[in-house]
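Colleague:
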Amino acid sequence: MENRATLPATQLINELQSFGARLVDPKAGHESRRGGAGPSDHKAMTIDGMTVMVPVHTAPAFESPYLVEKPDALGRSRISREGRPVGQVTFPLRPRFYDLTTADGIPYSKIAVLHGRDVLAATVLQTCIRYQSRTKTCQFCAIGQSLAAGRTIAHKTPAQLAEVAKAAVELDGVRHMVMTTGTPRGEDRGAAVLADSARAIKAAVDLAIQAQCEPPEDDAWLARLREAGVDALGMHLEAVTPEVRARIMPGKAQVSIDKYMSSFAAAVPVFGRGQVSTYILAGLGDTPEAVLSTCEKLVAIGVYPFVVPFVPISGTPLESHPTPPPAFMHAILAPLSAMLVKAGLKAADIKAGCGRCGACSALSAYEKGLAK
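Numbers 42 to 413, taken from the working numbering, label the letters of the sequence shown in order.
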């Protein structure tokens, strides 16, 4: 079986994330998730040393030209495109910490899950003021689905998160953690519960943490998060133009782009250049030019713009929205990676979080290509 992909990594990852993949053995690797927060309806696959989240449960994936064969005795799977082998993948295995339960009887997998290969991820509050009304909800969001299905709990306590994080590090070699949250009522917009959680985790285990929330109204919360042990901060724009934001996420769009930019400018001196990031979903209506224009402003501030292709999640209002074609992503990621490398903002230097993991986008593959 061939050891490396015969297509360039950037092309292969872009196409897999646009088209998805069909699996001969759906049970390969650890179980994938349907619905919920974060990369859902995906399967983690490692290609040329990079772990990639590939859609496998979406409508496009069922008709994908890519087929992943059943793993061999060494856990390697050949991947082909329309019958032509293009390389091989391996699958991260089911984490051992999934077999444990907390001191109060909750399965660890309902507290936090493995993303990619070595990232622990938890949604501290599985409820959100934006999700309660279809007139306010983010149209791509499925935060309530896993709660409704009983796969998680509404509020993970600091003690539960600390217990699971310690086990994930000791049993499965987890290297960093992402903590996100639904937005609660209050002007801290989730920063308070994230700070409490980070403080408990850092008391239990030495683990780099990224916290993700909407920009707090008071910038004083940024220093409070850092003092609590948060190493990196994500405040996610999702879309970059007011028209698209108002249409796709009418509730969250009430926090203006100007507010995000001012919070970014306040956060970078607290966390450091490259340790503040934002998640941008390409393919929701913003043009490549609009995305790149915003990225230029973010990079100038010292913020890492993690641009990922939009992937629809079943059960959401955008479940039938198409993923952006590979050429669309290339038009963004190629110049963006050059912009980031020139500015010295690289995924490899991020202490924790989505940008460091990089599995939901080909961006880090483009960065590595420039470094060769």
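Beta carbons are placed, not taken as given, at the ideal position from N, Cα and C, and that holds for glycine.
Helix, strand or coil: how does DSSP classify Ser15 here?
Modeller: Since the first and last residues shown for the chain are 42 and 413, residue 15 lies out of range.
Colleague: Would DSSP call Lys111 helix, strand or coil?
Modeller: By one-based count along the sequence shown, residue 111 stands at place 70. Lys111 falls in the coil class under three-state DSSP.
Colleague: Report the three-state DSSP secondary structure of Asp229 (helix, strand or coil).
Modeller: For this step, residue 229 is matched to residue 188 along the sequence shown. Asp229 falls in the coil class under three-state DSSP.
Colleague: Whose C-beta lies closer than 6 Å to the C-beta of Pro329 among residues of the same chain, with five residues either side of it excluded?
Modeller: Locating residue 329 in the sequence shown gives position 288, counting from the first residue. Cβ within range, chain order: Ala372 and Ile373.
Colleague: What are the residues that DSSP puts in a beta bridge with Lys84?
Modeller: Reading the sequence shown from its first residue, position 43 is the one you call residue 84. Answer is Val95.
Colleague: With DSSP as the reference, please indicate the residues paired to His362 in a beta bridge.
Modeller: Taking the sequence shown and counting its residues from 1, one reaches residue 362 at position 321. Note: His362 sits in no beta bridge, so no partner.
Colleague: Can you look up Leu161 in the DSSP assignment and give me helix, strand or coil?
Modeller: Numbered from 1 along the sequence shown, position 120 holds the residue referred to as residue 161. Strand.
Colleague: Relative to the alpha-carbon of Ala264, which residue among Lys243, Arg240, Val311 and Arg226 has its alpha-carbon at the smallest distance?
Modeller: One-based indexing of the sequence shown puts residue 264 at position 223. Considering only alpha carbons, the answer is Val311.
Colleague: For Ser402, which of helix, strand or coil comes out of DSSP?
Modeller: Within the sequence shown, numbered from 1, the residue matching residue 402 stands at position 361. Three-state DSSP puts Ser402 in coil, outside helix and strand.
Colleague: Within 8 Å of any Cβ in chain C, is that where the Cβ of Ala249 sits?
Modeller: The structure shown contains no chain C, having only a single protein chain.
Colleague: Could you give the C-beta distance for Pro199 and Arg230, rounded to a whole number, given that I count them as a contact under 8 Å?
Modeller: For the purposes of this step, residue 199 is taken as residue 158 along the sequence shown, with counting starting at 1. For the purposes of this step, residue 230 is taken as residue 189 along the sequence shown, with counting starting at 1. Contact flag wrong, Cβ pair sits at about 18 Å.
Colleague: With DSSP as the reference, label Arg171 as helix, strand or coil.
Modeller: Locating residue 171 in the sequence shown gives position 130, where the first residue counts as 1. Coil.
Colleague: Please classify Arg226: is it buried, with 16 or more other beta-carbons within 10 angstroms of its beta-carbon, or exposed?
Modeller: As a first step, residue 226 is located in the sequence shown; it is residue number 185 there, counting from the start. Counting Cβ neighbours within 10 Å, Arg226 comes out exposed, since fewer than 16 surround it.
Colleague: Which value, in whole angstroms, describes the spacing of the CA atoms of Ala280 and Phe103?
Modeller: Position 239 of the sequence shown, counted from the start, is the residue given in the question as residue 280. Position 62 of the sequence shown, counted from the start, is the residue given in the question as residue 103. Approximately 27 Å, taken between the alpha carbons.
Colleague: Just reading off the alpha helix (DSSP H) that Val332 is part of, what are its end residues?
Modeller: Residue mapping note: residue 332 aligns to position 291 of the sequence shown, counting from 1. Segment Pro329 to Ile342, the alpha helix (DSSP H) holding Val332.
Colleague: Let me check understanding here. Comparing Cα to Cα, which of Tyr320, Thr357 and Leu325 lies closest to Leu339?
Modeller: Translated into positions along the sequence shown, residue 339 becomes position 298. The shortest C-alpha separation from Leu339 is found at Tyr320.
Colleague: Check the C-beta distance from Ala249 over to Ala393 and give it rounded, since I have them as a contact under 8 Å.
Modeller: Translated into positions along the sequence shown, residue 249 becomes position 208. Translated into positions along the sequence shown, residue 393 becomes position 352. So it is a contact: roughly 4 Å between Cβ atoms.
Colleague: State the beta-bridge partners of Leu377 as determined by DSSP.
Modeller: On the sequence shown, position 336 is the one that residue 377 refers to. Bridge partners of Leu377: none, in fact.
Colleague: Could you give the residue range of the alpha helix (DSSP H) that holds Gly185?
Modeller: By 1-based counting over the sequence shown, the position of residue 185 is 144. First-last of the alpha helix (DSSP H) with Gly185: Ile184 to Ala189.
Colleague: Mind checking Asp259: buried by the 16 CB within 10 Å criterion, or exposed?
Modeller: Taking the first residue of the sequence shown as 1, we reach residue 259 at position 218. Asp259 comes out exposed.
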